[in-house]
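Chemist:
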Amino acid sequence: MNENPLPSVIPDKEWKKIQRMLSKRSLWMIHFCTGCGAMEMPPVMTSRYDMERFGIIPMATPRQADLMLVTGYVATKTLKRIVRVYEQMQDPKYVIAFGSCPINGGIYWDSYNIIKRLDKYIPVDLYIAGCMPRPEAVMDAFLKLMKDIDEGKANGWMRYRKYYDQYKRNQMRIFKRWDE
Amino acid sequence: MIVDWLIQAGLVALYLFLAVVIGLLFMGIARKVTARVQNRVGPPVYQNFLDVGKLLAKKTNIKHNWIFDFAPLFALAGVLLALAYLPMGGYKMLSGEGDLILLLYIMAIPALGFALGAGASANPNAGVGVMRALMLMLSYEMPFLLVLLALMIFYNTASLSTLLEKQMSFAWGIVALPISALAADLALQGMMMEKPFDIPIAPHEIASGPLVEFGGKYLGMLMLYSAGSIVLETTLFVDLFLGGGVVLNPAHYGIIAYVVNYLVWFVFIFIVWMIAVLINAVFPRFRIEQAFKFYWKWPTVIAILGLIQAYIMSVFMGVVP
Amino acid sequence: MKEFELFVGPQHPGITGNFMYHLWVDGDTIVKAEAHPGYLHRGFEKLMERRTWQMNVALIPRICVPEPDVNEAVYAMGVESLMDWDIPERAKYIRTIVLEMARISSHLLTIGGYAGAIGLYTVGQWTVGDRDYLLDLFEQLTGARVYHIFIFPGGVRWDLPDGFLRKLEKVLNYLEGRLEFYDKLLFANEVFFRRAPDVGVVPKDKAIEWGVTGPNLRACGYDYDVRKVDPYAAYPDLDFEIPHYPKFGDFDVLGHGCDCYSRMIVRRLEIEQSIKILRQVIKKIPEGPHTLKLPNPLAWKVPAGYAYARVESSKGEYGYFVVSDGGKMPYRVHVRGPSYTHGINVTETIAKGLNIADFSQTIFSLDVCAPDIER
Amino acid sequence: MDALTLFGIFILLPLVGALLSYFGRKYAPIIALIFVAITGIFLYVWYGNFGSYTVDIGVKLNLTFDITTWFFMLMINTVIFSSLLFAVSADLKNAGGFSTLMLLGFTGANGVLLSRDFLSLYLFWELMSWSVYVLILRTSGEYARRYLLFGVLSAYFIIMGIGIIYYYTGSFLYEDALSGVIPYYAWAWILVFLILGFGVKMAIIPLHVWAPYAYSSEQPFVSFLSGGLSKLGTFGIYMSMYSIAGVGILDSFGTFRGVSLLGYPFALLGAITAFVGTILAIFQDDIRKLLAYSSIGQLGYVMVGLGLGTSLALGGALFHAFNHAFFKSLLFLGAGAVIYRTGKYKISEMGGLGYRMPFTFLFVLFAIFGLAGIPLTSGFISKWMLYEAAIEKKFVIIAPLMLIASVGAFLYSYRILYGIFLGGLKEEHKKVKEAPAPMLAAMFILMLPLLIFSIVPGWILGWINDVLTNTGLKPIDYTQFTYYSSIGGANMATFWIAFMVLFFVAVAIFIMKRARVVNQYDNYFAGEAPSSVALHAAHNYYKPLKDTWAPMLKYSVDRAYEKFSKFFVDGFYEIKKIYTGNPQDYAAYLGIAFLIFLIIGWWLL
Amino acid sequence: MKAEDIFKDLELKFENLKVKGNTLPRYKAEVQPDKLEEAIIKFKSNGFNHFVALSCIDWIKDEKFELVYHLFSYEEKEDVFLSIFLPRNEPKYKTLRHLFPQIETYEREIHEMFGVEFEGNDRLGEFILEDWDNMPPMRKDFDTVKYGKEKYESVPLINEGGEKE
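Chains A, B, C, D and E, in that order, are what the protein sequence lines are.
For the first sequence, the numbering used here assigns the number 1 to the initial residue and increments by one for each residue that follows.
For the second sequence, the numbering used here assigns the number 1 to the initial residue and increments by one for each residue that follows.
For the third sequence, the numbering used here assigns the number 1 to the initial residue and increments by one for each residue that follows.
For the fourth sequence, the numbering used here assigns the number 1 to the initial residue and increments by one for each residue that follows.
For the fifth sequence, the numbering used here assigns the number 1 to the initial residue and increments by one for each residue that follows.
#1: Using the beta-carbon of each residue, which ones in chain A are nearer than 7 Å to residue 528 of chain D?
#2: Could you pull the DSSP bridge partners for residue 483 of chain D from this structure?
#3: Output, in sequence order along the chain, the residues in the region 60-79 of chain E whose CB is closer than 8 Å to any CB in chain A.
#4: Assuming the contact rule is C-beta atoms closer than 8 Å, residue 54 of chain E and residue 31 of chain E should be a hit. Round their C-beta distance to whole Å, please.
#5: Is the Cβ of residue 98 of chain C closer than 8 Å to any Cβ of chain A?
#6: Go ahead and label residue 143 of chain C buried or exposed: buried means 16 or more other beta carbons lie within 10 angstroms of its beta carbon, across all protein chains shown.
#7: Identify which residue in A:173, A:85 and A:145 has its Cα closest to the Cα of residue 156 of chain E.
#8: Please state whether the Cβ-Cβ distance between residue 47 of chain C and residue 100 of chain A is less than 8 Å.
#9: Mind pulling the chain A residues with CB within less than 8 Å of residue 132 of chain B?
#10: So which of C:266, C:292, C:370 and C:287 has the shortest CA-CA distance to residue 187 of chain C?
#11: For residue 298 of chain D, does the count of other Cβ atoms within 10 angstroms reach 16, so buried, or fall short, so exposed?
#12: With 16 other CB atoms within 10 Å as the buried threshold, where does residue 303 of chain B fall?
#13: Residues in the region 8-23 of chain C with C-beta within 7 Å of chain A's C-beta atoms, listed in sequence order?
#14: Using the rule of at least 16 other Cβ atoms within 10 Å of the residue's Cβ for burial, across every protein chain shown, is residue 388 of chain C buried or exposed?
#15: Counting only Cβ pairs nearer than 8 Å, list the residues of chain B close to residue 22 of chain A.
#16: Is residue 550 of chain D close to chain C, meaning its C-beta is less than 8 Å from at least one C-beta of that chain?
#17: Let's see if you can read the secondary structure: which residues bound the beta strand (DSSP E) around residue 97 of chain A?
#18: What does residue 541 of chain D touch in chain C if you count any residue whose Cβ is under 8 Å from its own?
#19: Of all the options C:106, C:41 and C:304, which has the alpha carbon lying nearest to the alpha carbon of residue 68 of chain C?
#20: May I have a chain-ordered list of the alpha helix (DSSP H) segments no shorter than 4 residues that lie completely inside the region 225-304 of chain C?
#21: Check whether chain D comes within 8 Å of residue 34 of chain C, counting only Cβ atoms and requiring the distance to be less than that.
#22: What's the call for residue 307 of chain B, buried or exposed, on a 16-neighbour Cβ count within 10 Å?
#23: Consult DSSP for residue 148 of chain A and reduce its assignment to one of helix, strand or coil.
#24: Name the chain C residues that come within less than 7 Å of residue 21 of chain E, Cβ to Cβ?
#25: I'd like to confirm the pairing. Which residues does DSSP put opposite residue 56 of chain E in its beta bridges?
#26: Of the residues D:151, D:257 and D:560, which one's Cα is nearest the Cα of residue 377 of chain B?
#27: Between the Cα of residue 159 of chain B and those of B:95, B:190 and B:104, spot the shortest distance and give me the residue it belongs to.
#28: Indicate whether the contact test is met: 3 or more Cβ pairs, each with one atom in the region 394-409 of chain D and one in the region 146-160 of chain B, closer than 8 Å.
Written out as structure tokens, the structure is:
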């Protein structure tokens with residue numbers, strides 16, 4: 001894939017730096033309340049915490065978004081939609097998992113409908129622990145993610161591409177069918 | 001001859017580039033101002049440059065088929081073309097080479113390209129969004145065309161550059177035809193798709209409508225297009241009613257006049273844009289048929305009154321600018 | 001094929017939470033709607049059967065995220081019925097404070113969401129911003145912003161902290177002042193007057209039969225409120241009114257009731273009433289213990305039997321049907337959330353003939369809370 | 001060139017072709033095509049050999065071959081050529097009959113254009129009308145009857161006009177009408193009758209009722225009917241107003257800001273036609289009906305130009321008639337190609353065909369550009385001329401009606417594009433193939449002039465100027481790339497250069513990154529993962545608009561006529577018996593009516 | 001009409017449930033499955049026109065499912081719980097969605113969660129769960145921990161080599 005459109009003008013390394021700088025300052029978030037953590041998203045979006053300061057705005061469709069927040073527990077039915085949305089997003093894309101539930105199931109550790117660990121199915125760039133994380137924690141996570149992007153550490157989308165077979169295999173253990 | 005021509009082309013290119021830059025800046029300012037209205041800090045004013053840069057630098061860009069490509073190409077080329085036909089800050093650009101009617105139809109090129117690309121995606125949201133956009137166009141064009149007619153009848157010209165000269169020598173449109181100016185500003189709100197008329201892209205209803213399938217560089221180019229169209233629409237209003245911001249006659253003052261006029265023009269389009277943005281911040285959106293009824297009712301009546309005024313002044317009173 | 005299909009949700013700005021409506025649309029009129037819940041299903045009722053009576057207190061607030069306290073209250077009331085407990089007066093008043101604060105914050109969120117659904121994002125920013133003052137109070141009172149785990153069977157977890165009532169009074173004054181701003185921007189907005197009346201109508205004669213409750217029922221002109229009809233906590237001692245169509249006070253009565261307009265005005269007026277209630281509570285709150293002496297949680301057995309408790313949440317009637325077989329854990333708890341009927345059956349029915357543009361505002365005005373549908 | 005050669009090539013040769021192609025079976029369209037091509041070659045060769053001739057074949061036919069004739073013959077020749085080319089692969093039933101009738105119509109059209117006296121005009125007019133009638137009859141008797149009713153009406157009107165002229169001059173020759181013996185009040189009757197008579201062919205409101213039905217027949221024929229034969233109406237009105245009567249007589253009725261008071265009402269009628277036709281077109285779901293109403297609306301523009309009668313307006317009218325001939329034929333052929341491949345007529349049943357039929361889509365796209373007046377085609381220039389003609393005369397009712405109608409044209413244009421070619425491809429259309437080569441060639445022929453005359457409008461404006469000066473009018477102001485009105489002007493060279501440059505700027509930004517093509521069904525479904533969905537949002541597309549217009553739409557000229565006829569049917573049941581459905585009877589009625597009208601006309605004057 | 005009178009008319013035995021917190025009385029009665037529709041119609045026509053909920057209880061020891069139809073009267077302000085018992089091995093009942101529309105939704109849920117069949121309800125089927133591959137989860141004999149372990153915890157982690165951008 002041709003990554004640098006202007007190879008002769010900007011060296012590849014510099015181009016990557018510019019690209020990272022741009023994408024960290026303009027993270028468009030997909031508007032997807034996957035779980036109860038979405039309850040703390042309105043305060044983060046609105047006047048008190050105002051995430052638009054960092055250029056983060058909610059977007060209606062996955063085609064336009066760079067950042068997906070998996071806000072809380074993931075039911076099996078939702079996982080399919082999350083994967084679908086994630087695959088519709090365009091690289092580079094980042095995932096922040098929100099709350100304790102995507103880490104190990106949280107309070108729903110014994111539920112029959114909650115997948116316990118999210119990074120078995122899609123790559124997660126950042127976890128925020130806590131039930132539910134406070135807006136300050138969320139803002140902190142955004143800053144951390146921006147730092148990671150800057151340093152080239154947030155590369156879950158590359159992992160997904162690299163280990164696509166493994167991710168797909170894990171997903172297909174949960175889904176009985178995958179409509180395309 | 002050829003050197004003159006090249007200098008002209010270079011100047012036009014510079015003005016077009018500046019127009020897009022100003023458009024992006026205006027989008028940033030609008031976000032900042034809206035944020036202040038909403039008790040927020042808001043993003044930095046240069047945020048939209050970063051957004052466009054990011055979108056153009058995205059690693060993957062998807063499309064559904066080749067018709068999809070029409071959208072960004074036609075939209076960007078069309079809006080730049082329309083801008084080129086519009087005098088900016090007293091500089092005529094290409095407006096001597098084509099008149100208002102041509103401009104009006106050039107303004108349809110980006111819209112059509114956009115609609116083609118949106119329709120190519122097979123997403124029903126996009127189809128509904130384009131339907132709403134076209135209906136909105138039919139709505140606001142009614143008063144706007146009447147306003148244009150009033151201007152063309154009153155100033156007896158369809159050429160924008162002549163219109164600017166006549167406004168400078170006689171009176172600005174807003175002074176001569178204040179009623180039409182009011183109707184035009186109402187129409188402008190719909191033309192810029194600001195609330196209460198942001199119906200085509202209503203995210204809560206149709207998930208950003210025609211934009212629904214665009215991402216990456218496609219969205220980036222469409223953002224450049226919308227930046228250009230902000231400048232296009234505000235400048236159109238300024239050129240029609242505020243004398244294009246021409247306060248000094250270039251024939252007498254030379255280069256200084258161009259600089260001063262450019263600044264005045266900038267202030268004027270900023271004011272027009274701010275009015276739209278502030279209205280945008282405090283209104284919900286109409287349903288499409290309500291927008292249609294609204295436009296074919298009040299602004300149209302106002303525009304007809306303006307037309308009658310222009311008609312009486314020009315035909316019966318013999319006022320010749 | 002005349003219709004095309006449209007999906008509203010689960011990932012859509014026009015939906016309240018992780019929920020999906022599948023619409024069949026002709027032109028831009030909805031001809032058929034199907035609700036698809038289950039994206040948030042966690043199996044609460046199963047999990048509750050695996051936890052002791054007290055452990056469940058930590059689990060149940062998560063059933064309805066925007067207004068978790070009603071779950072705690074109604075569960076506590078159900079258990080108290082089975083245990084045959086009378087809780088102390090002070091606990092009743094503290095519960096009232098918590099419930100009313102939760103009601104205000106939930107209504108603020110709903111008004112903000114609704115305003116967003118018709119495109120007025122400024123009100124959404126303001127209300128959600130102001131709601132944070134209430135969340136701060138919650139934080140001071142309970143230690144958490146969202147999931148408070150405060151109301152226990154037998155009382156409340158701890159007493160009011162020092163100076164809490166003074167702070168509450170301040171916040172109430174602030175909110176009352178802010179209401180004027182919302183009125184000017186949303187409830188007196190010409191576009192709102194044109195868009196909301198007579199949209200998303202629940203027929204008045206069908207409303208009760210369809211199981212519509214809460215503000216949505218009152219918007220149809222019924223003067224019913226569980227707080228009055230089947231009173232609990234400290235409500236019998238308090239003086240408040242039930243705003244319902246067409247008793248709108250200073251607000252215009254537009255449309256014929258049962259529509260988005262009435263539903264939103266009722267919610268707006270309920271905020272005022274809640275402020276009034278809280279002011280009375282601040283004056284009247286008695287001294288005394290805040291809780292009964294609780295048995296050892298591990299050996300806490302509840303006598304066998306059935307109990308049903310109901311409260312009025314901001315969304316409608318909330319009920320828990322608690323069944324015990326005399327063991328340490330509940331045998332069965334059935335949660336009757338208001339959104340269950342509002343979100344599935346009512347919406348599926350009234351969506352027919354609705355415009356796409358009005359669908360989102362209809363579900364926002366019905367205040368459908370997705371997690372309490374599928375639990 | 002003498003009279004007989006002219007007659008032989010343009011009248012006899014197509015007639016021979018008609019006879020021969022009847023026996024051609026499935027090769028009939030090719031045979032017809034050859035004859036049309038020969039006529040076309042002679043048309044090309046004889047450009048400039050203008051003059052008047054008389055042919056004596058028992059009756060004396062007075063013919064004229066001038067630039068006006070040539071201009072209109074050029075349109076009709078191209079349109080019928082492409083229609084027949086299209087018909088080659090269209091699998092028509094009884095292709096022989098079809099070609100014969102097409103060529104008969106063509107002969108009639110040529111005759112109408114070449115005539116120099118009213119008798120031959122009427123003769124050929126009837127030949128054309130009847131062949132069209134039978135061609136519609138091939139599809140539906142109901143449609144044909146509606147056409148016939150108005151065709152007969154048209155004929156009556158024309159006969160009335162001719163009758164009055166004959167009453168005064170005692171001659172059928174055009175020149176004699178100009179000799180000054182006819183008093184100007186009689187001219188009013190003559191012109192009103194002639195304009196209405198020819199106006200039926202142009203389907204101006206309220207005489208448009210036949211058009212949506214007639215235009216629902218076979219596409220190759222409809223393409224010829226709408227693109228070619230409706231221009232005879234334009235020609236007839238142009239000729240009767242500006243060639244036979246002349247500006248002097250028109251102005252003698254009084255003028256309103258330089259426009260004849262006789263012409264102004266027709267211009268207004270034209271503007272209303274443009275508006276109403278457009279509004280009705282927006283709500284059609286049947287592609288054929290949509291195009292029919294669009295055709296009505298577009299010819300309304302032409303009518304405006306003919307009514308206004310200034311040089312700019314007439315130039316615009318002729319140019320628009322020319323453009324309309326091309327883009328509307330192209331649209332009908334494009335629709336025909338789609339219908340040929342899918343067998344569906346309803347827009348809501350198609351969708352996504354642009355991905356399967358890319359060339360058809362491109363050609364139709366160009367036609368749409370022409371229809372909507374996008375400056376990339378010559379359709380813009382003719383509209384521009386008409387607008388400026390109205391605006392420079394400060395007509396504040398006509399101009400806004402035309403302008404808003406053109407905005408409305410965007411709505412139905414997009415409906416054609418989205419409904420048929422874009423949007424979701426249906427399961428049953430996944431194997432649809434591109435239209436056959438002859439069809440594509442036919443469409444390509446029609447597309448080319450639209451593009452060329454947009455870049456170099458001077459070429460066609462030259463011909464139009466010749467037509468205008470030949471009629472004794474002032475020429476319009478133009479250079480090779482530029483055209484002017486008194487209030488503005490536009491330079492297409494600058495436009496095209498600027499457009500191309502900016503387009504390449506956009507392309508340059510665009511090709512920075514390669515895009516990945518995903519399946520059309522990999523769509524944003526709000527995150528949902530459905531297995532199969534109906535995606536095509538084309539049924540009732542402009543429903544909100546329809547709802548707002550509902551109080552207006554309940555008034556319909558169509559239904560008014562139906563009520564009117566029902567009234568008579570109920571009242572005079574016996575009269576109904578005269579409608580036997582037998583063409584010979586109708587011909588007899590025609591004759592009787594002719595007599596009646598002559599008597600009334602005599603009495604009136 | 002008071003609930004007690006209606007019970008008398010229907011010749012049903014009822015018990016009072018204990019109420020604390022709330023104040024209104026609640027009555028519970030067991031009905032024969034074939035009499036239930038008649039009883040609900042009777043209640044509905046006498047002011048009990050608010051259908052509150054339909055709950056299902058799995059009495060695994062008794063090999064029975066209990067369905068509790070919960071009605072409320074806004075006129076008399078009384079709650080009524082009508083319960084029927086169905087055999088656990090073949091739980092089958094007729095749909096009552098024609099009486100109250102939201103019963104349909106409850107029936108769909110109970111069908112999915114307990115496996116109770118409601119004849120005449122054509123919308124039964126996948127409702128809340130998707131791709132479910134085990135016995136209905138709300139049954140008492142369904143072990144959610146075991147199921148979770150088998151289904152989710154057996155999914156392997158992504159095996160990564162130490163890769164860099």
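The beta-carbon is built from N, C-alpha and C at its ideal position, and this holds for glycine as well.
Modeler: In terms of the structure at hand:
#1: At a beta-carbon threshold of 7 Å, the residues of chain A lying near residue 528 of chain D are 81, ordered along the chain.
#2: DSSP output for residue 483 of chain D lists D:478 and D:490 as bridge partner(s).
#3: Correct list: empty, as no residue qualifies.
#4: Residue 31 of chain E and residue 54 of chain E do not touch by the CB rule: their CB atoms are close to 13 Å apart, not below 8 Å.
#5: Cβ-Cβ to chain A under 8 Å: no for residue 98 of chain C.
#6: Exposed is the call here.
#7: With distances taken between Cα atoms, residue 156 of chain E lies closest to A:173.
#8: Contact: no.
#9: Per Cβ cutoff of 8 Å: no residues; residue 132 of chain B is ~15 Å from chain A at best.
#10: Residue nearest to residue 187 of chain C within the set C:266, C:292, C:370 and C:287 is C:266 (criterion: CA-CA distance).
#11: Buried is the call here.
#12: Burial check for residue 303 of chain B: the Cβ neighbour count within 10 Å reaches 16 or more, so the residue is buried.
#13: So the list reads 10, 11, 13, 17 and 18, given in the order they occur along the chain.
#14: This structure cannot settle anything about residue 388 of chain C, because the visible part of chain C is limited to 1 through 375.
#15: By Cβ distance, chain B contributes 50, 53, 54 and 57.
#16: Among the residues facing chain C, residue 550 of chain D is not included, as its CB has no counterpart in that chain under 8 Å away.
#17: From DSSP, the beta strand (DSSP E) with residue 97 of chain A extends over 94-98.
#18: Against chain C, the beta carbon of residue 541 of chain D has neighbours under 8 Å at 27, listed in chain order.
#19: Cα-wise, what sits closest to residue 68 of chain C is C:106.
#20: Those alpha helix (DSSP H) runs which fall completely within the region 225-304 of chain C and span 4+ residues are 226-229 and 260-284.
#21: Not one chain D Cβ lies under 8 Å of residue 34 of chain C.
#22: So residue 307 of chain B ends up on the buried side.
#23: Correct three-state label for residue 148 of chain A: helix.
#24: 77, 80, 81, 232 and 309, listed in chain order.
#25: When DSSP reads this structure, residue 56 of chain E sits in a beta bridge with E:67.
#26: Because chain B in this structure spans residues 1 to 321, residue 377 of chain B falls outside the shown range and cannot be described.
#27: Sorting B:95, B:190 and B:104 by C-alpha distance to the C-alpha of residue 159 of chain B places B:95 at the top.
#28: Look at the beta carbons and you see the region 394-409 of chain D touching the region 146-160 of chain B: at least three pairs across the two are nearer than 8 Å.
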